[in-house]
Amino acid sequence: MKLSQVKALLPTLDNVTFKLENGAFVPEHFHVTEIGMVTKNFIDCGGTIRQEKMVNFQLWNANDLEHRLKPIKLLNIIELSEKQLNIEDAEIEVEYQSNTIGKYGLAFDGVNFILQNKTTACLANDKCGIPQEKQKVNLSDLTTQSACCTVSSENVKNNCGCNANVDDTVSSDKNVCC
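Be aware that the sequence shown starts at 16, since it is given in the numbering used here, and climbs by one per residue.
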């Protein structure tokens, strides 16, 4: 989710709530302790130089259980950050403390902002030599199809019960089809 999308949603909300993908909510007394622009310059394992820019929100829980961040207050913090730090309209990454500092993508489900789990990935698959993952298929999911074969006569075709092609050049009536 981009910063502009969050800014457009905030005036329409009564409360700001964040929910993890597992269904747990960030406690409603959270603070947004940072908003910033993060630029990451790096080289991938294939030797390509890359740059990523993202807007960073940091959420923190304090012992002040009465704290509630209202949508208009968060919008004011965002606008101040944009003005003072020249923040671009980029994708948002949220930092939130669980067992360690987690980094999450951000989405919205119509009521709550959703902290989406992020994963790592190879950015240079074509240069890494890592084989492509094979598609896993359950045998029970495969549809049964009759094999097509060539038989020597209509008699053999009728006896084997399949959609075989008749080939007059085949000399034996002993061809079998499935």
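For every residue, glycine included, the Cβ atom is placed at its ideal position computed from N, Cα and C.
Given the structure is predicted, the values throughout are model-derived calculations rather than measurements.
Residue i versus the options, residue with shortest Cα-Cα distance
i: residue 55; options: 38, 143, 46 and 66; result: 66
i: residue 127; options: 28, 154 and 88; result: 28
i: residue 16; options: 125, 90, 138 and 105; result: 105
i: residue 32; options: 93, 57 and 123; result: 123
i: residue 83; options: 46, 134, 25 and 34; result: 46
i: residue 70; options: 87, 38 and 100; result: 100
i: residue 142; options: 52, 116 and 62; result: 62
i: residue 88; options: 30, 19 and 40; result: 30
i: residue 41; options: 76, 97 and 135; result: 76
i: residue 68; options: 80, 150, 18 and 149; result: 18
i: residue 53; options: 97, 59 and 60; result: 97
i: residue 81; options: 39, 43 and 148; result: 43
Residue(s) in a DSSP beta bridge with residue i
i: residue 8; result: Residue 8 lies beyond the range of the chain shown here (16 to 193); nothing can be said about it.
i: residue 69; result: 53
i: residue 35; result: 130
i: residue 64; result: 58
Residue j beta carbon less than 8 Å from that of residue i
i: residue 114; j: residue 36; result: no
i: residue 109; j: residue 95; result: no
i: residue 145; j: residue 137; result: yes
i: residue 74; j: residue 22; result: no
i: residue 116; j: residue 50; result: no
i: residue 86; j: residue 25; result: yes
DSSP-derived helix/strand/coil call for residue i
i: residue 103; result: coil
i: residue 17; result: strand
i: residue 140; result: helix
i: residue 43; result: coil
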